[in-house]
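Student: Right, I'll just put the structure down here and ask away after.
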Amino acid sequence: MIATFQRVLFGLVFIFVMVNVHEIGHTTVARLLGDDSAHYVLYQVQGRSSCLGCNLYDSSRLGDVANVLVNLGGVIFTQLLCWIAIFLLAGGERGLIKRWMLLSAIGITWLGDVVVQLVQGLVANVPQDLPRGPERTYTDYQAVVWFIRDQTGTAVSELKAVLLLATIAYSALLLSATRWALSRGLRR
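Counting in the numbering used here, the sequence shown runs from 84 upward without gaps.
What follows is the structure in structure tokens.
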């Protein structure tokens, strides 16, 4: 009973950490690329729309490639957490950091960010014109597809197929790395 409570509590706390790291990733990339107004909020309601984990930046200050990087920044930062967990897992179990915690962190960052962002990007309608300007927040992969299409003219269906294939390939790499880390960590 206590072990189950600990695991549920760990999962909830880690999801909170992951959402913050994701938004810090967007904000950091936007600031590094020149938008010093970039910031994030955990929850926001504007009119009829709301968002959980909202990266707000001025997309009109940045070009298409920079906007793609900003919108990928959240997933990149959460995957840094994931790879840290993989390397810690390879080192074996230590004091406070248990194997189940590291495996949970890997699973949460994969399913809770990589897969969720992919699904949002695949089901989202990519508008002909995406509004640009200050205090904008976008659905990550929808914006990635829009900015790349805007820059290259590539069809939305082709870009979504590339996102799907890239996610499958990355997921296979992540699974292999996790299996390697787990077997190595068990030998220690």
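Built from N, CA and C at the ideal position, the CB exists for glycine as well.
Model, not experiment: these values are computed from the prediction.
(1) If we count the other Cβ atoms within 10 Å of its Cβ and call it buried at 16 or more, is L247 buried or exposed?
(2) Using 10 angstroms around the beta-carbon of S142, count the other beta-carbons present and answer buried if the total reaches 16, otherwise exposed.
(3) Which parts of the stretch 188-265 are runs of the alpha helix (DSSP H), unbroken and 4 residues or longer, counting only runs that do not cross its ends?
(4) Y123 and T110 - do their beta-carbons sit closer together than 7 Å?
(5) V102: which of R131, C137 and A121 sits nearest, CA to CA?
(6) Which same chain residues end up closer than 7 Å to Q200 when comparing Cβ atoms and leaving out the 5 residues on each side of it in sequence?
(7) Are the CB atoms of A149 and L115 within a distance shorter than 7 Å?
(8) Are there 16 or more other CB atoms within 10 angstroms of the CB of T235, so buried, or fewer, so exposed?
(9) Under three-state DSSP, which class holds L179?
Tutor: Well, looking at it:
(1) By the 10 Å Cβ count, L247 comes out exposed.
(2) buried
(3) 199-206 and 223-235
(4) yes
(5) Of all alpha-carbon atoms in R131, C137 and A121, the one lying nearest the alpha-carbon of V102 is that of C137.
(6) V158, D223 and Y224
(7) no
(8) exposed
(9) coil
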